[in-house]
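Asks:
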Amino acid sequence: MGLASPTVLRRLTQDERDFLARLEGGHPITPSERRDYAHLIARLTRTGAWRSGPQRTARASVGGDPALSSGVASALRAMGVRVRREPGDGSLTVIAGLATADPALTTALMAASTPHIAILADDAGAWVSHVIQPGLTACARCRDVARTRANHDWPLVAMQCVRRTPRLNPLAESVTVARAAARALAWLDAEGAGREGAGGEGERVDALGAVTSEPLLPEPACGCGAAGAVGDEVAARRARWR
Ligand SMILES: [Zn+2]
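One rule links them: number in the working numbering = place in the sequence shown (from 1) + 271.
1. If you measure from each residue's Cβ to the nearest non-hydrogen atom of ligand 1, which ones come out under 5 Å, in chain order?
2. Where in the region 322-390 do unbroken runs of the alpha helix (DSSP H), each at least 4 residues long, occur, reported from the N-terminal end onward?
3. Where residue 397 and residue 316 are concerned, what is the direct C-alpha to C-alpha distance, given to the nearest angstrom?
4. Decide yes or no for the touch test of the region 483-493 against the region 426-440: beta carbon pairs closer than 8 Å, at least 3 of them.
5. Do residue 356 and residue 344 count as a contact pair if the criterion is CB distance below 8 Å?
6. Among residues of its own chain, excluding the 5 on either side of residue 497, which ones have a beta-carbon nearer than 7 Å to its beta-carbon?
7. What residue range is occupied by the uninterrupted alpha helix (DSSP H) comprising residue 316?
8. Could you pull out every unbroken beta strand (DSSP E) segment of at least 3 residues lying fully inside the region 443-489, listed in chain order?
9. With a threshold of 16 other CB atoms inside 10 Å of the CB of residue 362, please say whether the residue is buried or exposed.
10. Based on the DSSP output, what are the partners of residue 403 in its beta bridges?
11. Thinking C-alpha only, which one of 281, 474, 336 is nearest residue 436?
12. If you draw a straight line from the C-alpha of residue 432 to the C-alpha of residue 376, how long is it?
13. What residues in its chain sit with their C-beta under 7 Å from that of residue 476, if we drop five residues either side in the sequence?
14. By the three-class DSSP mapping on this structure, what secondary structure does residue 424 have?
15. Tell me which same chain residues have a C-beta within less than 6 Å of the C-beta of residue 381, skipping the five on either side of it?
16. Over the uninterrupted alpha helix (DSSP H) stretch that includes residue 292, give me the two end residues.
17. Quick test of your reading: residue 372 and residue 359, contact by CB under 8 Å. State the CB separation rounded to the nearest angstrom.
18. Check this for me: beta carbons of residue 350 and residue 320, under 8 Å apart or not?
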């Protein structure tokens, strides 16, 4: 067992063999396995043949485009995160859409102060947002405001993209899913003050899978509060996050 620090185990039962086989590839140990195979886990940990990852109790959720969001869900589940396809459930939600975020999804997440990551795919690749903290950091609507300033026809285009299926090539899709899942994991693993800076910044994944920085600034015209206080309700929301 193990290659960096190999340990040879002999006279194993078939159940023990099956359990060890399941550990390959970083499969997380379930609570019942932890109880049933405590002797093996203790020995392998002692010899350095197996290193347990952080025990995750975090819950997250995904929504929007099924292909992209289920890719993120699978990656997070493989790292021990409980993920439901019920946007808003858990302490972080990852949503995916074509060019613009589904306003019904983002409105609900903003109203509930749920941190979220938006994956917005288009014909040139995809944009993966920072962790949007409602009222604190730029939101998906801030992006639409910025895009409208650059092109007055953007609202017309965006309206036609809502709930349409993005089509990324397999390379761009894999990189996009990986970047979003890694960012979500970093956020879920960061605690309290550690979350300062864990949200990262927006990134663009191009059609060849290359990743470049594409940050998003808060827009005063959005009214989400990230660009400054716009009223008592937003001030209260911001205070909850600090
Ligand atoms: Zn905003």
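We treat Cβ as the ideally placed atom computed from N, Cα and C, and that holds for glycine.
Replies: Taking the geometry as given:
1. 410, 412, 413, 493, 495
2. 337-349, 374-382
3. 40 Å
4. no
5. yes
6. 406, 407, 408, 409, 410, 413, 489
7. 309-318
8. Here the runs fully enclosed are 474-477, 482-484.
9. exposed
10. 387
11. 336
12. One C-alpha to the other measures close to 14 Å.
13. 396, 397, 399, 443, 446, 447, 450, 482
14. coil
15. Excluding sequence positions up to five before and after residue 381, its CB lies within less than 6 Å of the CB of 405, all in the same chain and listed in chain order.
16. 285-294
17. Not confirmed; about 14 Å, so no contact.
18. no
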